[in-house]
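Keeping their order, the protein sequence lines are chains A and B. Using the numbering used here, you'd call the opening residue of the first sequence number 36 and step up by one each time. Using the numbering used here, you'd call the opening residue of the second sequence number 36 and step up by one each time. Here's the structure, in structure tokens; my notes come after.
Protein chains: 2
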Amino acid sequence: MPDHVEQWLAELLRLNDEEEKVTEKQIKIVQAAVEIFAEKGYSATSTSEIAQKAGVAEGTIFRHYKTKQNLLLAIVSPIMEKLVAPFVIRNFQEVLNVQYERFEDFMRAMLINRLAFTRKYAPVLKVMIHEIPFNPDLQAQFMEHVSTNVVERVRRIVVHFQAQGQIIEAPADSIVRMCASTIVGYAVTRYFLAPERDWNDDEEIDLMIRFMMNGLSLNPVR
Amino acid sequence: MPDHVEQWLAELLRLNDEEEKVTEKQIKIVQAAVEIFAEKGYSATSTSEIAQKAGVAEGTIFRHYKTKQNLLLAIVSPIMEKLVAPFVIRNFQEVLNVQYERFEDFMRAMLINRLAFTRKYAPVLKVMIHEIPFNPDLQAQFMEHVSTNVVERVRRIVVHFQAQGQIIEAPADSIVRMCASTIVGYAVTRYFLAPERDWNDDEEIDLMIRFMMNGLSLNPVR
DNA sequence: ATTCAGAGTGAGTACTCACTCATTATTATA
DNA sequence: TATAATAATGAGTGAGTACTCACTCTGAAT
């Protein structure tokens, strides 16, 4: 396991259990769980396997997490919150109006920022993506955070730049979806489908920005 | 279970076991398996549950499929082949050159065609997407079919239209990825994330085509 | 020195899992 | 109608499952 993962693991745990102290073995458990969940999937992973990889007795897992499902939630929930964090800050739209004059600048900032996030938390994000469709608790969290917060807020940004005449007058939901698809499509290819390929991130980002900005431009070229 | 599913189930089975006759109960088994796999995931589904839903003894499953994994492959493999079928026809590029003069026409045809495919086989595609990352057999199939066949062939199409001066001179892989992201992003939102929303497919298709064509246009607007 | 709280243990629990097999039901052919 | 071949059954199997619990150990407070 790469060193950089350990850096955020303890922090991750303390996000849920504030004031609670986190033991050495607890970190080992979460560390092992993330690795195996990402490799084999949640359902195909046994608690005995996690215990073995963590170098811990099986009972120790259940001292800290009432159920296997609780362990999953303790790992995924804080990352889901951090995933949407940039969008739920106070006065999101006003901050942007001041900070980013052009839609292009806003998009580029978001793109770079969330790509770095994906690289950092790739294994947890993989577990998250795969378990949301089958886990009602995660589904509810996802709907609440992503749907209501992110989509709705980004929607308003799009409407704002539409009013300014920077991008086309099309349904804002569709525009949000197409931009999100472009970014998520790159993140998935970059970090999950072909992480070994030697990527030129700057070039790809420039190309995506050009693709999206031309794609949403007012005056069709042809 | 909707009627339309039954229509392609028997056909699906016969694709693998040519000349073999397919029993009534075999169809029931596959039918039940697809439903539960899509609902709970492969690993979280027990063979006893499949048997119960299919109205069949558990042993009957293992008469037709040696293992639970074989049952999965019998369901997913033929659909994976059908998914890439339009791309692996003989003289793919030559056919296209004659049939579609503009890149836009090619993209629109592919978009409409593969969206209909997604609607038809949505449950199996869901299972496929979720199991590929954890199943070596499916991974190998996916790499072989999608990577080597589809991406490589579509890449050549892109290069062809680039040479004609219809679209920008950027890495063909990136262009393929951005177009695929746009289409897959819509398919996922349309049929998995928000299938209940009342979609205007024609409008969305027009918008996506406009987005992609402007996005890949030679002369930036700004 | 004694008590106490909580981390850690690992054998044990009831139960579920994928898979088997001897037996019976159904069908096709003669 | 008799025979062969295949389809279907469901109780049975051992390995494995998530989880429990009585217990030990450690370190800090009294």
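Just so you know, even glycine gets a beta-carbon here, dropped at the ideal spot from N, CA and C.
> Along chain A, in chain order, which residues have C-beta atoms closer than 7 Å to that of Glu129 of chain B?
Replying inline: Working through the second sequence from its first residue, we reach residue 129 of chain B at position 94. Ordered by position in chain A, no residue passes the 7 Å Cβ test against Glu129 of chain B, which lies about 25 Å from the chain.
> By Cβ distance below 8 Å, which residues in the same chain neighbour Trp234 of chain B in space, the five residues on each side in sequence not counted?
Replying inline: The residue labelled residue 234 of chain B in the question sits at position 199 within the second sequence. Closer than 8 Å at the Cβ level, and outside the excluded window around Trp234 of chain B, lie Arg225.
>> Using beta carbons (cut-off 8 Å, strictly below), is Ser252 of chain A in contact with chain B?
In response: On the first sequence, position 217 is the one that residue 252 of chain A refers to. It does: the Cβ of Ser252 of chain A has a partner Cβ on chain B nearer than 8 Å.
>> For a test of the three-state rule: what should DSSP assign to Arg154 of chain B, helix, strand or coil?
In response: Looking up residue 154 of chain B in the second sequence gives position 119. Arg154 of chain B: helix per DSSP, three-state reduction.
> What number of angstroms, rounded off, separates the C-alpha of Ile167 of chain A from the C-alpha of Ala222 of chain B?
Replying inline: On the first sequence, position 132 is the one that residue 167 of chain A refers to. On the second sequence, position 187 is the one that residue 222 of chain B refers to. Straight-line Cα distance between these residues: approximately 18 Å.
>> By the DSSP assignment, the alpha helix (DSSP H) with Arg98 of chain A in it spans what residues?
In response: By one-based count along the first sequence, residue 98 of chain A stands at place 63. Here the alpha helix (DSSP H) through Arg98 of chain A covers 93–99.
> What number of angstroms, rounded off, separates the C-alpha of Ala198 of chain A from the C-alpha of Arg137 of chain B?
Replying inline: Start at 1 with the first residue of the first sequence, and residue 198 of chain A comes out as number 163. Start at 1 with the first residue of the second sequence, and residue 137 of chain B comes out as number 102. Ala198 of chain A and Arg137 of chain B: Cα-Cα distance of roughly 33 Å.
>> My output table needs one value for Ile244 of chain B: the three-state DSSP class, helix, strand or coil.
In response: For this step, residue 244 of chain B is matched to residue 209 along the second sequence. Correct three-state label for Ile244 of chain B: helix.
>> Tell me the rounded alpha-carbon separation between Met247 of chain B and Cys214 of chain B.
In response: Position 212 of the second sequence, counted from the start, is the residue given in the question as residue 247 of chain B. Position 179 of the second sequence, counted from the start, is the residue given in the question as residue 214 of chain B. Their backbone Cα atoms lie some 7 Å apart in a straight line.
> Hey, would you say Lys63 of chain A sits closer than 8 Å to Ala92 of chain A, going by beta carbons?
Replying inline: Counting from 1 along the first sequence, the entry for residue 63 of chain A is found at position 28. Counting from 1 along the first sequence, the entry for residue 92 of chain A is found at position 57. No.
>> Give me the residue from B:Gln176, B:Gly200, B:Val193 with the minimum Cα distance to Ala207 of chain B.
In response: In the second sequence, residue 207 of chain B corresponds to position 172, counting from 1. Answer by Cα proximity: B:Val193.
> Does the Cβ-Cβ distance between Val159 of chain B and Val123 of chain B come in under 8 Å?
Replying inline: On the second sequence, position 124 is the one that residue 159 of chain B refers to. On the second sequence, position 88 is the one that residue 123 of chain B refers to. Not in contact: Val159 of chain B and Val123 of chain B (Cβ atoms no closer than 8 Å).
> Are the CB atoms of Met115 of chain B and Gln201 of chain B nearer to each other than 8 Å?
Replying inline: Walking along the second sequence from the start, residue 115 of chain B turns up at place 80. Walking along the second sequence from the start, residue 201 of chain B turns up at place 166. Not in contact: Met115 of chain B and Gln201 of chain B (Cβ atoms no closer than 8 Å).
>> Below 8 Å on C-beta distance, what does Ser83 of chain A contact in chain B?
In response: Reading the first sequence from its first residue, position 48 is the one you call residue 83 of chain A. The premise fails here: Ser83 of chain A is roughly 16 Å from chain B at the closest Cβ pair, so nothing lies under 8 Å.
> By DSSP, does Ala222 of chain B sit in helix, in strand, or in coil?
Replying inline: Walking along the second sequence from the start, residue 222 of chain B turns up at place 187. Helix, per DSSP.
> Roughly how many angstroms lie between the CA atoms of Asp237 of chain B and Ile96 of chain A, to the nearest whole one?
Replying inline: Sequence index remark: in the second sequence, residue 237 of chain B carries index 202 (1-based). Sequence index remark: in the first sequence, residue 96 of chain A carries index 61 (1-based). Taking the straight line from one Cα to the other gives about 52 Å.
> Relative to the alpha-carbon of Ile210 of chain B, which residue among B:Asp241, B:Met142, B:Thr183 has its alpha-carbon at the smallest distance?
Replying inline: In the second sequence, counting from the first residue as 1, residue 210 of chain B sits at position 175. Residue B:Met142 is the option with its Cα nearest to Ile210 of chain B.
>> Can you tell me whether Val57 of chain A is helix, strand or coil according to DSSP?
In response: On the first sequence, position 22 is the one that residue 57 of chain A refers to. The answer is coil: DSSP assigns Val57 of chain A none of H, G, I, E or B.
> So, are the CB atoms of Thr217 of chain B and Ser216 of chain A less than 8 Å apart?
Replying inline: Numbered from 1 along the second sequence, position 182 holds the residue referred to as residue 217 of chain B. Numbered from 1 along the first sequence, position 181 holds the residue referred to as residue 216 of chain A. Yes; because the gap between Cβ atoms is below 8 Å, this pair is in contact.
> Hey, which unbroken runs of the beta strand (DSSP E) at 3 residues or more fall wholly within the segment 119–144 of chain B?
Replying inline: none
>> So with CB distances below 8 Å, who are the chain A contacts of Ala86 of chain B?
In response: Taking the first residue of the second sequence as 1, we reach residue 86 of chain B at position 51. Result: empty, since nearest Cβ-Cβ is about 19 Å, beyond 8 Å.
> Hey, is Val189 of chain B's beta-carbon within less than 8 Å of any beta-carbon in chain A?
Replying inline: As a working note, residue 189 of chain B is residue 154 in the second sequence. No, because no Cβ of chain A sits closer than 8 Å to the Cβ of Val189 of chain B.
> Excluding five sequence neighbours on each side, which residues of the same chain lie with their C-beta closer than 8 Å to the C-beta of Met36 of chain B?
Replying inline: Within the second sequence, numbered from 1, the residue matching residue 36 of chain B stands at position 1. With a pLDDT of 40 at Met36 of chain B, under the threshold of 50, the modelled position of this residue cannot be trusted; read the value that follows with caution. Same-chain partners within the cutoff: Gln66, Glu70.
> Is Pro206 of chain B helix, strand or coil when you go by DSSP?
Replying inline: The residue labelled residue 206 of chain B in the question sits at position 171 within the second sequence. Correct three-state label for Pro206 of chain B: coil.
> In chain order, what residues of the same chain lie with their CB nearer than 6 Å to the CB of Ser83 of chain B, ignoring the 5 residues before and after it?
Replying inline: Here the question's residue 83 of chain B lines up with position 48 in the second sequence. Excluding positions up to five away in sequence, the list reads Glu93.
> Helix, strand or coil for Gly250 of chain A per DSSP?
Replying inline: For the purposes of this step, residue 250 of chain A is taken as the residue at position 215 of the first sequence. Here Gly250 of chain A sits in helix by DSSP.
> If we call anything under 8 Å between Cβ atoms a contact, is Gly76 of chain B one with Ser81 of chain A?
Replying inline: Position 41 of the second sequence, counting from 1, holds the residue named residue 76 of chain B. Position 46 of the first sequence, counting from 1, holds the residue named residue 81 of chain A. Their beta carbons are not under 8 Å apart, which means Gly76 of chain B does not touch Ser81 of chain A by this criterion.
>> Can you list, in chain order, the residues of its chain with a C-beta nearer than 8 Å to that of Ile244 of chain B? Leave out the 5 residues immediately preceding and following it.
In response: Numbered from 1 along the second sequence, position 209 holds the residue referred to as residue 244 of chain B. Excluding positions up to five away in sequence, the list reads Glu139, Met142, Arg143, Leu146.
>> For chain A, check one thing: does any of its Cβ atoms lie closer than 8 Å to the Cβ of Gly220 of chain B?
In response: Reading the second sequence from its first residue, position 185 is the one you call residue 220 of chain B. Output row for Gly220 of chain B: interface = yes.
> Among the residues of its own chain, which have a CB less than 7 Å from the CB of Asn184 of chain A, if the five just before and after it don't count?
Replying inline: Here the question's residue 184 of chain A lines up with position 149 in the first sequence. Within the same chain, Asn184 of chain A has close Cβ partners Val119, Phe122, Val123.
> Nearest to Ala229 of chain A by alpha carbon, out of B:Tyr156, B:Asn132, B:Tyr100, B:Ser182?
Replying inline: Taking the first sequence and counting its residues from 1, the one referred to as residue 229 of chain A is at position 194. Taking only the C-alpha atoms, the option nearest Ala229 of chain A is B:Ser182.
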